[in-house]
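One structure is given below, encoded as structure tokens.
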Ligand SMILES: Cc1ncc(C[n+]2csc(CCOP(=O)(O)OP(=O)(O)O)c2C)c(N)n1
Ligand SMILES: Cc1ncc(C[n+]2csc(CCOP(=O)(O)OP(=O)(O)O)c2C)c(N)n1
Ligand SMILES: [Mg+2]
Ligand SMILES: [Mg+2]
């Protein structure tokens, strides 16, 4: 199986134009939410309100927004540390995200885990561990269960260029290929792993390896939310059709340092300049302006929502120290993963059709 | 980089005819030694003289004999559990091998480790651990040191089809590719991993993956010792020329069970029959008969040597229990890896040339 | 009631759970068509099919990691490590992903990892390890270690029904050497210690294979009344049972087969030194394998593994204290 | 003599060893161009070049495994884990390949693994662990844990010159908080314990960051004379020093930051209960982090890590015993 661009496959499958204007607005909104939340979180961090360190995905918003947008409520996701928009798409509220960053009792992990290390099982997500890319195997295992039970569900996870060097990348890719599982691997190639450039991680672009595992690898402009949606949509169709996994390489750029403390001296200025011209949000805004949408209005709404959310989170309580050792073990019945929000209009129409029949 | 057969590259590099008759006899002798030692060890096992379990490489003798034969004294090897001929080529005596199997004080590990889990650092080898394919990383690290120090040396290790599923396979392949290290990875594809057939381990032949790591992958008839030599010879030349790693897939068949206890019910009879016709030793014998060599004589000599070795090993002492806890830590200066035997006539002539100059 | 070997009891337990609950999924290397390196799942494919008795790739991190994924979406995976030694290759997924999941985000990981462990048959450094101590030290993981056929089945039931990751230590040396009456059908052994023999002069605390070593070593010690406490569950540790035995016997020998430093026995001895100090009439004596890889050759292996003689000697000395 | 922070002392030690011995090779993620996540190797590339200060792929098994290969052919690799937590991903290579190599075949593995460990700064469950107990339980591996700047440099020298695999536990919370006089040039700290403060009524045994907690907690305990023993080397354990302190003080509190069960402190307490029983005038008290992942939020983290107050309380109670 040769590598192909998402566009190419898109044409082949005639899978273009899945997005209505409302969907394209949703994508913009999700990306704006991510950016505004992270901007605000960064200033809260500088004010000492966010403990530990802080990681963001500035400039990469399209990767998580576009991919998550193509996933159905019953699908399951492992969201990584540059993928805040995916949490938004699934229905996690900004208030709980701020509370999470600030280690409040009302955050997704209730202060047990930090910053971006979270996932809300109530919306079908399993929170990432720090060890990269361990979640590739967890996602593969979820897909394995779906296949065993004959369920029409797909698992998806993101992972970075650096984490492709870890053994778990290989064990997951190989396992998913051997068992032809309904799983989507989104490689977030943002040019760096902390300070380490690509050529120290691999001699050949990892998307080329998909074929060596027996499935499709596609390369997508990771700064184009709609292209990300299309590629993920197709990957999901393949998975549902029993054609196995897909690896999607989203080519993008980490526009901020690895974490709050990192001044990224090691990144050539020109490189950042180059990529700044390809901002995924400006790109989506331009598209929607052409379509006559008032994007300023949307940003204003987002900012308002974020202000309110931050305020609410700031006034929410810290966890009670007396609960610090609770819940190491589960007692009683395990909580099931619940379905998440799936705002793409296509799902509603599909649902409608099913209701009719 | 596309995959190619050893024959093809052999022609291209005009690298044929490296083997003199004496070399081809050496290859036969090494394979015969391996087979006769393992036959004898198996009967010693059945007599209860070999503790634990016993693994052999019946039918795979060409893989280790041919590859090891292409390595120079100063090269370093990690030999695996189906590769006894490689120990013979490097100069480990049958007596010490029998003593190793029987857990005697005079075995390579002095009874500390068992059966095939050994390697003699005095002949440039690092003994395998059971965890597969951990030694791929150790070999890669040796090659890394050679490159850092600007030494003209190559590291080589073998590993099985099943062990390609482990993360360490990937971490080693990737690391060696990124750093373009002088290391040779010999994939011993013997159709099974214990009872597990290939299609449960990978969807695509792993040799196809070499390109995805940025280096050459070649497929060789693993039952042809001379083809194994040629492919390894070329790989070593590439490594010395700074062209990085090579992965050699030796296609062969595990003709016995995984270990002494395994009746291999899970292997189709016809498959074994098919492969029996391709016995690597008979093949080498046929070649040498054509060349007028008295192969029966060679086998007779080997049997004699093996008889004497087994006898000597049987009379050698068991380790002293009072030493059981000695040597967990190294005290004093580490022992260096020493050079091994390298019987290929090409090395002698090379050496001769150097002496002249 | 039928007399079963320890190994047959594990098989019977697995079969019952597979029949009772279709969420139970067996995963491992060579467990399907071949029936497992030790034949624990022999014949399972015929009854349950290749999908539920899954021959996996040779990839321990993959086995644990995918099992975690299956567990969080409602399966009840039971993973077999071909030898417990190989869990080192799946260590990260087990301690970091499975062990910390529920505490971090309230998501349970009902996962059982079967770990054929222990030495005594010339398995050598890589087929004889007792890794339980590593997992006792990893938060969020339970560890059980049956010593009898009955408990092998009962603890397996408990482990599979537990909503948490459980390391099920099955001692290879007991597989065929230990035989006993095992109740038919499904029953559960509580995650608590068991008094294997009650006594009043001294208690030997052990688990797994060492319970049998302890019983044999103390069968007849010049008429002394020796209690043997079988821990059965190492994490959480049954502290009450330990303190109760020590309170009644006042002298303690703690035995484990694992390497000495930071072993389960160290935790047990430390517990006693802190919480039963006043009950003690002598030092808390430990018998364990020294900090050495398990050698292959019989005379060497016998020299390092805790023997009946060593345990008897330790008890005799302590009785005389 | 110049006052250096704990972190500067580690850097100085590494620099000295790099200058002294060209076989010394530094390997790790982001240690070269970037100078390391904690800037321990800041500026090293300029002096030693990219080859000897190697930015590796993101692959811990690869780092340990290739370092082993380099070590057996004569290099002296010093590997940095970006956080000690990530050693779980290189666990197998360290315990099975490096740890057992010399015993099995007489081949030494002179390898140092630098493990930035410990909590106290909201690092959360994956950036705060203290994994030393796992490696104390693995034969063939040494474990050192400096608590002062002087020892940070001296123990690094000892570790790099040791022909065995050594886990060098550097506590992140001490990096910039601890400062002290450090001798210039190359010197070695022996792998033995150090009396941080001598006393006669009670001894607190600790290592790493907990040494400072212990010193602060016992500075002024109603005039009681409290000894603080800094273990410095956890494997091999300095048993003589421990038994000597206990012999003189008769009361012991063992403190470690690691999770309670099977921690280094369990081994120390068990040692005392077996070998110093007659010297004891009270229970062997332990203070450690309970068996819980280290939570991120400050009030939760403070609640689980051993605090000055908890240690003081434990000492006070034991003194009254
Ligand atoms: C197994 C492992 N080793 C080291 C780290 C420390 N670390 C955190 S993020 C990071 C870089 C990750 O790079 P990449 O995979 O490209 O993801 P990105 O942050 O660029 O999205 C590293 C080395 C880790 N998280 N996991
Ligand atoms: C990491 C690891 N897991 C499991 C095993 C147990 N085991 C020993 S040999 C073997 C099969 C190996 O198959 P392959 O790699 O093809 O080598 P072969 O024996 O066929 O030469 C297995 C599963 C092991 N040695 N290492
Ligand atoms: Mg990246
Ligand atoms: Mg094989």
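Residue numbers (the numbering used here), protein chains in the order written: chain P, 4 to 360; chain X, 4 to 360; chain G, 4 to 324; chain W, 4 to 324.
We treat Cβ as the ideally placed atom computed from N, Cα and C, and that holds for glycine.
Just mark residue i as buried or exposed, buried being the case when its beta carbon has 16 or more other beta carbons within 10 Å.
i	result
residue 249/X	buried
residue 336/X	exposed
residue 160/P	buried
residue 15/X	Low local confidence applies: a pLDDT of 39 at residue 15/X is under 50, so the model's placement there is unreliable, and no value is given.
residue 214/W	buried
residue 19/W	buried
residue 314/X	exposed
residue 78/P	buried
Within a Cβ cutoff of 8 angstroms, which residues of the same chain sit near residue i, ignoring the five residues on either side of it in sequence?
i	result
residue 141/W	97, 98, 102
residue 120/X	84, 112, 130, 131, 132, 133
residue 419/P	Because chain P spans 4 through 360 in this model, residue 419/P falls outside it and cannot be assessed.
residue 350/X	75, 76
Quick one: residues in its chain with C-beta nearer than 6 angstroms to the C-beta of residue i, no 5 flanking neighbours on either side, listed in chain order?
i	result
residue 83/G	31, 34, 117
residue 146/G	135, 138, 139, 170, 237, 238
residue 89/X	67, 71, 82
residue 28/G	55, 78, 80
residue 57/G	30
Short of 7 angstroms in beta carbon distance, which residues of its chain neighbour residue i, apart from the five on each side in sequence? Order them along the chain.
i	result
residue 125/X	341
residue 23/G	189
residue 7/P	Residue placement at residue 7/P cannot be trusted, given a pLDDT of 45 that sits under 50; what the coordinates show is reported in the next sentence. These residues qualify, in order along the chain: 221.
residue 174/X	140
residue 147/X	182, 184
residue 224/X	230, 254
residue 163/G	20, 27, 79, 81, 115
residue 94/X	126, 343, 344
Sorry if obvious, but does the Cβ on residue i come closer than 6 angstroms to a heavy atom of ligand 6?
i	result
residue 163/X	Looking for ligand 6 in the displayed structure turns up nothing; the ligands present are ligand 1, ligand 2, ligand 3 and ligand 4.
Q: For the stretch 108–122 of chain X and the stretch 275–288 of chain X, state whether three or more C-beta atom pairs, one from each stretch, are separated by less than 8 angstroms.
A: no
Q: Name, going along the chain, the residues of the stretch 227–260 of chain P whose beta-carbon falls closer than 7 angstroms to a beta-carbon of chain X.
A: none
Q) Taking three-plus beta-carbon pairs below 8 angstroms as touching, is the stretch 75–91 of chain W in contact with the stretch 174–192 of chain P? A) no
(Q) Under 9 angstroms, CB to CB, which of the residues in the stretch 81–101 of chain G have a partner in chain X? (A) 85, 86, 88, 89, 91, 92
Q: Note down, in chain order, all residues in the stretch 127–138 of chain G with a beta-carbon under 9 angstroms from any beta-carbon belonging to chain X.
A: 127, 128, 129, 130
Q.
With a threshold of 8 angstroms, are at least 3 pairs of Cβ atoms found where one atom belongs to the stretch 280–294 of chain W and the other to the stretch 246–263 of chain W?
A. yes
Q: Taking only beta carbons into account, state which residues of the stretch 261–284 of chain X come closer than 8 angstroms to chain P, listed in chain order.
A: none
Q) Does the pairing of the stretch 194–209 of chain X with the stretch 33–51 of chain X give three or more beta-carbon distances under 8 angstroms? A) no
Q. Do the stretch 27–42 of chain X and the stretch 62–70 of chain X meet, that is, are 3 or more Cβ pairs less than 8 angstroms apart?
A. yes
Q. At a Cβ cut of 7 angstroms, what residues of the stretch 101–120 of chain X count as close to chain G, listed as they run along the chain?
A. 106, 114, 115, 116, 117, 120
Q. Touch check for the stretch 18–31 of chain X and the stretch 290–307 of chain X: three-plus C-beta pairs under 8 angstroms?
A. yes
Q: Quick one: which residues of the stretch 159–183 of chain X get their C-beta closer than 7 angstroms to a C-beta of chain G? List them in chain order.
A: 165, 166, 168, 169, 170
Q) Listed from N- to C-terminal order along the chain, which residues in the stretch 181–210 of chain P have their beta-carbon within a distance smaller than 7 angstroms of any beta-carbon of chain W? A) 196, 197, 198, 199, 203, 204
Q: Could you run through the stretch 318–351 of chain X and flag, in chain order, every residue whose CB is less than 8 angstroms away from some CB of chain G?
A: 321, 322, 323, 324, 325, 326, 327, 328, 331
**Q.** Contact set between the stretch 68–85 of chain P and chain G, restricted to residues whose Cβ is under 7 angstroms from the partner
**A.** 79
Q) Quick check: the stretch 289–303 of chain G against the stretch 322–336 of chain X, are there 3 or more CB pairs under 8 angstroms? A) yes
Q: Taking only beta carbons into account, state which residues of the stretch 20–36 of chain G come closer than 7 angstroms to chain X, listed in chain order.
A: 32, 33, 36
Q | Segment contact, 8 angstroms Cβ cut-off, at least three pairs: the stretch 217–232 of chain W with the stretch 191–204 of chain W | A | yes
Q | Interface positions of the stretch 38–55 of chain X facing chain G (Cβ-Cβ less than 7 angstroms), listed along the chain | A | 54, 55
**Q.** Interface residues of the stretch 260–290 of chain G facing chain X [CB-CB below 7 angstroms]
**A.** none
Q) the stretch 138–150 of chain X: which residues have C-beta closer than 7 angstroms to a C-beta of chain G, in chain order? A) none
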